[in-house]
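Those letters in the sequence shown? Residues 1260 to 1472, by the working numbering.
Below: one structure, written as structure tokens.
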Amino acid sequence: KTYKKIESEIKEKHQNLTDLLNGIYLIRECSARTSDHVMSFGERNSAFIISHALNVHGIPSEYLDARKIIRTDKRFTNANVHFSTTQKNIQAHYSEHNTKLQVVTGFIASEESGLTTTLGRGGSDYTAAILASSLDADQLDIWTDVDGLLSSDPRKVKKSFTLPEISYREAMELSHFGAKVIYPPTIKPALEKKIPIYIRNTFNPDFGGTRIA
């Protein structure tokens, strides 16, 4: 029953995407606005599937499309967040949905009239930081594929090691100078609320990673 429900929803989304891509093909043009809408399907599908998988495994959860809560301007592909409106939306949603885990799409948002926007590079981590800041979270965990922030590029320096703890400012500088584990927009909301950020490795979950505080 659950599988059929997921399959039906995904098929409907895929049909919408097929129609959209066919329109792009016919007019031989893809605007930034259209590109953002196309790019939203991956996040929406994956979060939808994960929320149902959690429910099947006995973890009460709900799928939340971030376009319902995160408001931006119309700068498609790299939108600026309207924080006051977004914060109110997030707090209102979580106050009404406080009994189930919220599986939220990253990277996507919407402008005032409802058009889909995206938050640019590192947008999914940025989404997590916006949620953490709006909800006054105790900490923000960013799960990636490395053991935290390293002392140097491991592809160039074999003896690179994980930095156990650094400051917000140091993390910001590292990101500006090429560290791709975390991006400046993610740091700012946490910094303003003094929320510590933990960079952890999905493939090595027992390792402590890096604490940014």
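Here a beta-carbon is modelled for each residue, glycine too, at the ideal position from N, C-alpha and C.
On a predicted model such as this, the values are computed, not experimentally measured, just so you know.
Practice item. Hey, could you find the ends of the alpha helix (DSSP H) Thr-1386 is sitting in? Key: 1382 to 1393
**Study point:** DSSP-derived helix/strand/coil call for Leu-1280
**Key:** helix
Review point. Secondary structure at Gln-1398, three-state DSSP: helix, strand or coil?
Key: coil
Review point. If we ignore side chains and look at the alpha-carbon of each, how far apart do Gly-1301 and Asp-1384 end up?
Key: 16 Å
Practice item. Report, in whole angstroms, the separation of the C-beta atoms of Gly-1407 and Thr-1421, which I expect to be a contact under 8 Å. Key: 4 Å
Exercise for review: Could you name the residues that DSSP lists as bridge partners for Thr-1358?
Suggested key: In the DSSP output, where bridge partners are listed per residue, Thr-1358 has none listed.
Check your understanding: Do three or more CB pairs link the stretch 1365 to 1384 to the stretch 1284 to 1297 at distances below 8 Å?
Key -> yes
Exercise for review: Could you have a look at Ser-1305 and say whether DSSP puts it in helix, strand or coil?
Suggested key: helix
Exercise for review: May I ask which residues mark the beginning and end of the alpha helix (DSSP H) holding Ile-1446?
Suggested key: 1443 to 1452
Point to revise | Same chain, Cβ closer than 8 Å to Leu-1236, neighbours up to 5 away in sequence not counted | key: Lying before the first or after the last residue shown, residue 1236 is absent from the chain, which here runs from 1260 to 1472.
**Study point:** 8 Å Cβ cutoff met for Ile-1367 and Ile-1401
**Key:** no
Review point. Anyone know if the C-beta pair for Leu-1378 and Ala-1338 falls short of 8 Å?
Key: yes
Practice item. Determine the direct distance from the alpha carbon of Glu-1271 to that of Leu-1433, and round the result to whole angstroms. Key: 42 Å
Exercise for review: With Ala-1368 as the anchor, note down where its beta strand (DSSP E) starts and where it stops.
Suggested key: 1367 to 1370
Point to revise | Three-state secondary structure (DSSP) of Arg-1414 | key: coil
Point to revise | Cα-Cα separation between Ser-1369 and Lys-1418, rounded to whole angstroms | key: 44 Å
Point to revise | Straight-line Cα distance separating Tyr-1284 from Ile-1456 | key: 42 Å
**Study point:** Cutoff 7 Å; reference His-1356; Cβ partners in own chain excluding five residues on either side
**Key:** Glu-1321
Point to revise | Cβ neighbour criterion (16 or more within 10 Å) applied to Arg-1208 | key: As shown, the chain starts at 1260 and ends at 1472. That puts residue 1208 outside it, with no answer to give.
Point to revise | Buried or exposed by the 16-neighbour rule on C-beta atoms within 10 Å, applied to Pro-1444 | key: buried
**Study point:** 7 Å Cβ shell around Lys-1224 - same chain, five flanking residues per side excluded
**Key:** Residue 1224 lies beyond the residue range present for the chain, which begins at 1260 and ends at 1472; the question has no answer from this structure.
**Study point:** Inter-residue spacing [alpha-carbon to alpha-carbon] between Phe-1335 and Leu-1399
**Key:** 26 Å
Point to revise | Neighbourhood of Gly-1382 by C-beta distance below 7 Å, restricted to the same chain and skipping five residues each side | key: Gly-1365, Phe-1366
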